[in-house]
Amino acid sequence: MTTLPRQRGLTEQAADAAIDTACRLLRLPSIRNEFHEIADRAVKDQMTYRGFLAELLMTECDDRARRRSERPIKAAGFPREKSLRAFDFDANPNIDAATVHTLASCEWIKKSQPLCLIGDSGTGKSHMLIALGTEAAMKGYRVRYTLATKLVNELVEAADEKQLNKTIARYGRVDLLCIDELGYMELDRHGAELLFQVLTEREEKNSVAIASNESFGGWTKTFTDPRLCAAIVDRLTFNGTIIETGTDSYRLASTRARAEEPAAAS
């Protein structure tokens, strides 16, 4: 058992070492990292001992709360950070800000409803998908992000290894499954059927949000069996929200605008 020496009249250096050791033993990383700054501020502001102790403990509590909120976001597997605050609604008038902010309340997830974001590349689909998924994770929902092709490949490998039911169940448990880039590549019948199994597992039990560059009429290029395609569209639209992000790439427009700025200046 480790015990710390306790004596009066510690030097500043010895006190710092004792605090560092105690914070390690008690697993108080935030206090360990910030106690110097807080102690200096306490002297400057003439805090009472109780006030100083409260400041230390609240620092640790705040950081733990922050880490707890970050864990589900990290577990979701988002490829990059995207937020609704950073989305430029003025640049894409096709997307209704009020509708999106209503979705951010996550009532649709509570009701196990689907969400479809449909539009061309550069119109904000993936940004919106990740941002809404992040909002859900921050509210405590279990979220998982994946590319459509990656999900299908994982399901095919699981089927080959006799682990399909386990994999489908794992994807079935999360509160929100975000599937990006659906429609970019043609899926063979086997892959499409496996994806259909995941959607069926989640139907009316947990939400699915997808982003696709193809309108529903063009999904037959991805799901070549018409009946299977119709069944998948039905799973992803029943009682759901459909947001069409349009065909004009504001990402491309923004790039062109930046390229024209020097020419306009000259």
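For the sequence shown, counting from 1, position 100 maps to 99 in numbering that gives the first Met the number 0; every step adds exactly one. Heads up, the beta-carbon is just placed ideally off N, CA and C, and yes, glycines get one too. These numbers were taken from a predicted model, which means no experiment stands behind them.
Straight-line CA distance for E180 to K124?
9 Å
Whether or not the segment 181-189 and the segment 132-152 are in contact is what I'm after, with contact meaning three or more pairs of Cβ atoms, one per stretch, closer than 8 Å; do they touch?
yes
Mapping DSSP to helix, strand and coil, what is G182?
coil
Quick check on K110: buried or exposed, where buried means 16 or more other Cβ atoms within 10 Å of its Cβ?
exposed
Starting from the Cα of R172, find the closest Cα among R66, T219 and K204 and give me that residue.
K204
Taking only three categories from DSSP, how would you classify S68?
The answer is helix: DSSP assigns S68 an H, G or I state.
Compute the beta-carbon to beta-carbon distance between I242 and L116, rounded to the nearest angstrom, for a pair I have assumed lies under 8 Å.
5 Å
Is the beta carbon of I94 closer than 9 Å to that of G245?
yes
Since I believe T122 is in contact with F77 (beta carbons under 8 Å), could you give me their beta-carbon distance rounded to a whole number of angstroms?
19 Å between Cβ atoms; not a contact.
Between which two residues does the beta strand (DSSP E) holding T240 run?
Residue range T240 to G245 is occupied by the beta strand (DSSP E) that includes T240.
Please classify G272: does DSSP put it in a helix, a strand, or coil?
With the chain covering only 0 through 265, there is no way to say anything about residue 272.
At the level of alpha carbons, what is the spacing between E213 and T221?
9 Å
Quick one: give me the first and last residue of the beta strand (DSSP E) that S29 is part of.
That residue, S29, is in no beta strand (DSSP E); its alpha helix (DSSP H) goes P28 to K43.
Quick one: measure Cβ to Cβ for I209 and L193, integer angstroms, because I've assumed they're closer than 8 Å.
So it is not a contact: roughly 16 Å between Cβ atoms.
Once the 5 residues before and after V207 are set aside, which same chain residues still bring their CB inside 7 Å of it?
Around V207: P113, L176, I178, L198, R201 and L235.
Quick check on DSSP: helix, strand or coil for C105?
coil
Provide the residue(s) that pair with L146 in DSSP beta bridges, ordered along the chain.
D179
Among A17, R169, M127 and Y170, which has the Cα closest to the Cα of R79?
M127
To which residues of the same chain is L155 closer than 8 Å at the C-beta, ignoring the five residues directly before and after it?
The sequence given here has Val at residue 155, not Leu. Cβ within range, chain order: H189, G190 and L193.
Under a Cβ-count criterion, where at least 16 other Cβ atoms within 10 Å of its own Cβ denotes burial, should A14 be classed as buried or exposed?
Under this definition A14 is an exposed residue.
For the alpha helix (DSSP H) containing A14, list its first residue and its last residue.
E11 to L25
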